[in-house]
Each structure stands twice: as C-alpha cells, then as structure tokens.
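In this text, residue positions in the sequence shown follow our numbering: the first is 223, and each later residue adds one. By construction, the Cβ of each residue, glycine as well, lies at the ideal position given by its N, Cα and C atoms. Worksheet: one structure, shown below.
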Amino acid sequence: MTTSCYVAALSAMTLLATELGETTDAQAYADLAKRGAAILDTELFNGEYYQQRVQWKELRDQTVVKHVETLATDGTNSELLQLLREEGPRYQYGAGCLSDGAIGLWMAALYGVKTPADQAKTRSTLRSIFKHNFKPDLSDHVCTQRPGYAMGQEPGLILCTWPRGEQPTIPFVYSDEVWTGIEYQVATHLNLEGMVEEGLTLVRAIRSRYEGHVRNPFNEYECGSYYARALASYALLGSLSGFRYSAATQELWFGPKLEARPFRVFFSTASGFGTISLDGDTVAVNVIEGRLQIQSLHLTAGEKTITIPWPVSIAAGETKKIAANRASAAMK
Numbered sequence: 223m224t225t226s227c228y229v230a231a232l233s234a235m236t237l238l239a240t241e242l243g244e245t246t247d248a249q250a251y252a253d254l255a256k257r258g259a260a261i262l263d264t265e266l267f268n269g270e271y272y273q274q275r276v277q278w279k280e281l282r283d284q285t286v287v288k289h290v291e292t293l294a295t296d297g298t299n300s301e302l303l304q305l306l307r308e309e310g311p312r313y314q315y316g317a318g319c320l321s322d323g324a325i326g327l328w329m330a331a332l333y334g335v336k337t338p339a340d341q342a343k344t345r346s347t348l349r350s351i352f353k354h355n356f357k358p359d360l361s362d363h364v365c366t367q368r369p370g371y372a373m374g375q376e377p378g379l380i381l382c383t384w385p386r387g388e389q390p391t392i393p394f395v396y397s398d399e400v401w402t403g404i405e406y407q408v409a410t411h412l413n414l415e416g417m418v419e420e421g422l423t424l425v426r427a428i429r430s431r432y433e434g435h436v437r438n439p440f441n442e443y444e445c446g447s448y449y450a451r452a453l454a455s456y457a458l459l460g461s462l463s464g465f466r467y468s469a470a471t472q473e474l475w476f477g478p479k480l481e482a483r484p485f486r487v488f489f490s491t492a493s494g495f496g497t498i499s500l501d502g503d504t505v506a507v508n509v510i511e512g513r514l515q516i517q518s519l520h521l522t523a524g525e526k527t528i529t530i531p532w533p534v535s536i537a538a539g540e541t542k543k544i545a546a547n548r549a550s551a552a553m554k
C-alpha cells in the first residue's frame, strides 16, 4: 500500500520537475520511481496480488526493535512479547489481500500520471481483491469490530482477507469491516482498468445497503457520520467517463466506459463546470458556470486514443460540439 503511494508520488514529482525545467531533479525522481516499482513488482507481488513484507528482524537499527517491544508491552506481558518476537509488530496484514493495497496506483491512474509499475500486476491485484474480498452475502462473515456497516445477507467488500493463510495473530484493526470509501476506491480502479462490470457490482452493493430503509442514503457512515472517505464516490464520474482536463496544456480527455448512447456526465474544473456528452460521433461540451479553454481533445475507446485539435473557448451558457468522425472510424 505505502510503496504504491511512494511510486505514484515520485512519478508525479517527475512530471512537476520536468514542467519546471528541473531536469536533474526529474531524473532523480524517475530513477527512484523505477527502483520502487521494481521492488513492488518483484518483491511484493506474490503471483496473484501485492502483499506486505513485514520487516522486523532485518532492520539495520535493532534499537528500534527493543523500543517497539517496550512500547507495545510495557515489559509486563510475556505472551505478547513472545508473539511480537515471532511475528513482528501488531496490526500488520502480511500475506493478506488488502482492498486498498494498490491505492497509490489508483490515484495515479485517476490523475493521468503514468507510473513504472507493471499494469498487468495491478490488474491481477484488482481481480484478486474482487475475487477474495467481495462477498455477495455476509451471513457467514464474522466481524467483531463494527459489523453495522454491512452485515447479514447484505453484500460488501471486506477490507482484507487471507486467501493464502498466514493471517497475523493480531492483524490491523478494522480488517474485517466494510468501508464504502474503500469500496468506491476499488470500484473506480476496476473501471479505470476496464473491469467495469466488477466495478459497478461494488457500487450496486453499496447502494443496496444505503437505499433508505436501513441506512441513510445521504450518510455513508464509517468512523463517524458523514465520514469523508465516502467522497471517493466522486471518482466514479472520471472512471466511467474518462474525463480529465489539464489547465496547463488546455487538453481534455474523454472516453466513456459504458456503451449507452447518448452518454452525458457532469464535469468540474478549476475554471468552470458543466456537462460533456457523446452522441454518435459528436462530442458536446456545455459550460454551465465559468469558462473552459480547450486546445485538443483526446477521445478514447477501449485501448485506443485519438487526438483531435480543437482550439475553442467555451463561456458560461455556451455549448460547443465537434464531430469526431475520424476518431470514431479509427476506433471501430
């Protein structure tokens, strides 16, 4: 989880440094990102999904070991102390299949930041998360923490499972719970990687639990009412529409993952918001408030992206259209 965030952050810093002309820094960030991705793909991928490697006895500074043991047990609990020496620190997940185990790569994909991580391994991880952690019926699932988030015959995505065994004696807190913020994160990442039906299955599961009779549809509570993590649901718009906009280069990306036509979706940028649609071969951008400056449109279908020059300025109340015949024909 943390290495995916590290690799994604370094990849973003590479782009920022390049934009600012800091070529030396950009190269340093890029090299670090490649080294981090190599560890992610060779040492943390178990053939099915990314997992955690708990480093404990291998630490260079062994004073940390004694310090953690003292903090964890206060020197009085010999049973816990023995467990720590055998398994390492409490609250890890080790060989578990963690639902947000690739969260950094999700953020990078959302923002259009390419990372050196192996995309095939990322997709394998997502498929494994859906396979092992999503339960269409939680009747047989035991959660001794906060079961009210999802329970009984309700569906939900568990935070972590151990399909290969090796579950820590004291795993990370909340590992058996279901959080909508994580469900939306995994759902949108699945969408971005082309596994739309799996992604929408998770969304349907959430909405079935929060449909108004059992839980408030406007308050997906976890760790408190109106908890912020559920706002990951907003990423559904970008993951299903393919919408992304760069104010720096005035480039617009669009590529609906759903086959329904016309396809119409809300968008919001720093300079304006409105709707964008695809109907047949025509892309239409309607600005409701503000202004949107565009120089080019990147229209995506499947694995193919066509770039169309489109120098246009769209003010509030205006709709501009472009017939993407060439792009449509090429993508068919």
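Of all C-beta pairs linking the stretch 363–376 to the stretch 317–326, fewer than three are shorter than 8 Å, placing the two stretches out of contact.
Boundaries for Lys-279: no beta strand (DSSP E) harbours it, and the DSSP string shows neither H nor E there. In the displayed model, His-435 falls within coil according to three-state DSSP, outside both helix and strand. If you check the CB distance, Gly-378 and Phe-356 come in under 9 Å.
One thing to note: Ala-330 has its Cβ no nearer than 9 Å to the Cβ of Val-425. Per DSSP, the unbroken alpha helix (DSSP H) holding Gly-460 starts and ends at 457–463. A residue is called buried once 16 or more other Cβ atoms fall within 10 Å of its Cβ, and Gln-249, having fewer, is exposed. Under the 10 Å beta carbon count, Gly-460 is surrounded by 16 or more other beta carbons and is classified as buried. In this structure Tyr-251 is buried. Its beta-carbon is surrounded by 16 or more other beta-carbon atoms within 10 angstroms. Here the alpha carbon of Thr-491 sits roughly 7 Å from the alpha carbon of Tyr-467.
The residues Asp-322, Ile-325, Trp-328 and Ala-454, in chain order, have a CB closer than 7 Å to that of Gln-407 in the same chain once the five nearest residues on each side in sequence are set aside. Taking C-beta separations shorter than 7 Å and ignoring five residues to either side along the sequence, the partners of Glu-399 in its chain run Cys-365, Gln-367, Arg-368, Tyr-371 and Leu-381, following chain order. Residue range 245–264 is occupied by the alpha helix (DSSP H) that includes Lys-256, with no beta strand (DSSP E) assigned at that position. In the three-state reduction of the DSSP assignment, Ser-535 falls in the strand class, which pools E and B.
Cβ atoms of Ala-259 and Thr-337 come within 8 Å of each other, at about 6 Å.
For Gln-341, the enclosing alpha helix (DSSP H) starts and ends at 341–355. Sequence-distant Cβ neighbours of Glu-376 in its own chain, meaning closer than 6 Å and more than five residues away, are Leu-360 and Arg-431.
Taking Pro-484 as reference, the option from Thr-504, Gly-434 and Gly-403 with the minimal CA-CA separation is Thr-504. The alpha-carbon of Phe-394 is positioned some 5 Å away from that of Gln-314. Leu-458 is positioned such that its CB atom lies closer than 9 Å to that of Ala-409.
Around the beta-carbon of Lys-279, fewer than 16 other beta-carbon atoms lie within 10 Å, marking it exposed. Under the rule that a run must span 3 or more residues, the beta strand (DSSP E) segments found entirely inside the stretch 469–507 read 473–476, 485–490 and 494–501.
The three-state reading of DSSP puts Tyr-371 in helix, counting H, G and I together.
Look at Thr-529 here: in three-state DSSP terms it is strand.
When the Cα atoms are used, Gly-243 and Leu-237 turn out to be separated by approximately 10 Å. The DSSP-derived three-state label of Thr-402 is helix. Gly-446 carries a coil assignment under DSSP once its states are collapsed to helix, strand and coil. Cβ neighbours of Glu-511 within its own chain (closer than 8 Å, five residues either side excluded): Gly-494, Phe-495, Gly-496 and Ala-538. Membership of Ala-330 in the alpha helix (DSSP H) is indicated by the continuous run 325–333.
Residue pairing for Lys-543: DSSP places it in a beta bridge opposite Ala-506. Within its own chain, the residues whose Cβ lies closer than 8 Å to the Cβ of Lys-479, once the five positions on either side in sequence are excluded, are Asn-413, Gly-416, Val-418, Ser-461, Leu-462, Ser-463 and Gly-464, listed in chain order.
According to DSSP, Pro-393 shares a beta bridge with Gln-314.
Judged by their CB atoms, Phe-267 and Gln-274 are not nearer to each other than the 9 Å cut-off.
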